[in-house]
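**Student:** This is the structure I have questions about; it appears just below.
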Amino acid sequence: MKKKSLFLLMLSLFFSVGAQQFTLLDTIPLCLVTVDSNSTHTIIYWEKGTVTGYDSVRIYKKIAGTIYNAVGTVAFNDTGEFHDFSVNPNINDEFYKLAGVTPLGLEGPRSRFHRTIHISNLGTGLLAYNEYEIENVTNPSPFYELYRDDLGSGTWGSSAINSMPSGFTQMNDGSYGSFPAANYRVQTSWAISCDPSRAIVNTSRSNIKNQATVEGIEDHTNLNVLISITQNFSSNSIQLTLKNAVLTLNSQFLLYDETGRLIKTEVMTTGQNSATMSLAGLSDGVYFAMLTNKNLRFSKKVIVLP
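The opening residue of the sequence shown carries number 80 in this note's numbering; numbering runs sequentially from there.
Structure, rendered in structure tokens:
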């Protein structure tokens, strides 16, 4: 009888201690991401709500495919926002996630991704943009609104000059000819609102695009024409080819594995229009080859066979 009582006591202690050690960690939901008002970087907002057990929040940005790299950390008790100055929102849209980190360094589950809006000028008053995305959420913004800064001076109209429902990715300014110096941006029109404990945030903005600037060689929509990354299975290597050597300015040719670990780096010299990277000695699996600099990021999936 004594042995049975001792066993039950030990079992009770095991479960009570185990419950504290193995409590499931909560997800800190990402509220929204946006380009800042001057179109120089992106801002990530979140609300902590009733989440506990963390001492910091780790912010992740997608670099290729399903690979996300940490770009910053904010103390859990600080304001729920992070400014990512490593990106150029005038070139690319960005995907972000975040996760809580415990005092022991354990990382909780990552949030759903959010994708920023990027606007491009197609000329003659026609603007193209990507829709805001939230992972596993259909049409998070029912409508998108186009705003104009008539003189390109930083003074934006208080009302949208055009709007389109979700499902469309172009808007037109019928009066573009009257405003040759105008700037444009697209904003969400939705019910999402965040309180990161400083000020209420309730919209996501795109980058700013000038009416006189039609997309050039650095715009991400043209990179498939200017950059080629091909895999040569016979030589077990990957080949980078550039049709415009200007793209090599301060560029790096990188190789990541599918966990986001940097495997190889090659610094491109100005004017260099090609590079070869050997895959010899790598374990079989999925990798991502990437050309990157402060103005662009172009990647391609690479598969190493056994």
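We treat Cβ as the ideally placed atom computed from N, Cα and C, and that holds for glycine.
1. Which runs of the beta strand (DSSP E), 3 residues or longer, sit entirely within the segment 138-196?
2. If I measure Cβ to Cβ from proline 182 and keep anything under 7 Å in the same chain, skipping five residues before and after, which residues do I get?
3. At which residues does the beta strand (DSSP E) containing methionine 394 begin and terminate?
4. Please name the residue or residues paired with leucine 361 in a DSSP beta bridge.
5. Asparagine 241 and leucine 225 look like a contact to me (Cβ under 8 Å); what is the Cβ gap, rounded to whole Å?
6. Between which two residues does the beta strand (DSSP E) harbouring glutamate 224 extend?
7. What does aspartate 336 pair with, by DSSP beta-bridge criteria?
8. Can you check whether the CB of phenylalanine 161 is closer than 7 Å to the CB of isoleucine 123?
9. Spell out a yes or no on whether the segment 242-251 and the segment 270-289 are touching, meaning 3 or more CB-CB pairs, one atom from each, closer than 8 Å.
10. For valine 304, which residues does DSSP report across the bridge?
11. Could you tell me the alpha carbon to alpha carbon distance between threonine 248 and leucine 206, rounded to whole angstroms?
12. Look at the Cβ atom of phenylalanine 164, then the Cβ atom of histidine 120, and state whether they are nearer than 7 Å.
13. Looking only at its chain, what residues have a beta carbon closer than 7 Å to the beta carbon of serine 307, apart from the 5 residues adjacent to it on each side?
14. Give me the Cβ distance between isoleucine 382 and methionine 356, rounded to the nearest whole Å; I'm assuming they're in contact under 8 Å.
15. Can you tell me whether DSSP reads serine 257 as helix, strand or coil?
16. Return the CA-CA distance between threonine 309 and threonine 158, expressed in angstroms with no decimal places.
17. Can you tell me the Cβ-Cβ gap for isoleucine 213 and arginine 227, rounded? I've got them flagged as a contact below 8 Å.
18. Whose C-beta lies closer than 6 Å to the C-beta of asparagine 38 among residues of the same chain, with five residues either side of it excluded?
19. Residues in the same chain with beta-carbon distance under 8 Å from serine 116, minus the five sequence neighbours each way, listed in chain order, please.
20. Whose CA, out of Arg194, Met347, Thr195, Phe312, lies closest to the CA of proline 385?
21. Going by the DSSP bridge assignment, what does valine 130 pair with across the sheet?
22. Please go through the same chain and pick out, in chain order, the residues whose beta-carbon is closer than 6 Å to the beta-carbon of aspartate 105, but skip the five residues on each side of it.
23. Mark glutamine 266 as exposed unless 16 or more other C-beta atoms lie within 10 angstroms of its C-beta, in which case mark it buried.
24. Ordered along the chain, which non-local residues of its own chain (more than five positions away) have a Cβ less than 6 Å from that of phenylalanine 222?
**Tutor:** Working from what's here:
1. 146-154, 160-163, 174-180
2. Asp134
3. Beyond the ends of the chain as shown, which are 80 and 385, falls residue 394; an answer cannot be given.
4. Paired residues: none, contrary to the question.
5. 4 Å
6. 222-228
7. Tyr366
8. In this structure, the beta-carbon distance from isoleucine 123 to phenylalanine 161 falls below 7 Å.
9. no
10. The partner list for valine 304 (beta bridge, DSSP) is empty, contrary to what the question assumes.
11. 8 Å
12. yes
13. Sequence-distant Cβ neighbours of serine 307 in its own chain, meaning closer than 7 Å and more than five residues away, are Thr320.
14. About 14 Å; that fails the 8 Å criterion.
15. For serine 257, the secondary structure class from DSSP, reduced to helix, strand or coil, is helix.
16. 44 Å
17. With 8 Å as the limit, isoleucine 213 and arginine 227 do not qualify as a contact, their Cβ atoms being about 27 Å apart.
18. Look at the range of the chain in this structure, 80 to 385, and you will see that residue 38 is not part of it.
19. So the list reads Arg284, once near-sequence residues are dropped.
20. Phe312
21. Bridge partners of valine 130: none, in fact.
22. Val130
23. Buried: at least 16 other Cβ atoms inside 10 Å.
24. Apart from the 5 residues on each side of it in sequence, phenylalanine 222 sits with its Cβ closer than 6 Å to the Cβ of Ser242, Pro244, Ser268 in its chain, given in chain order.
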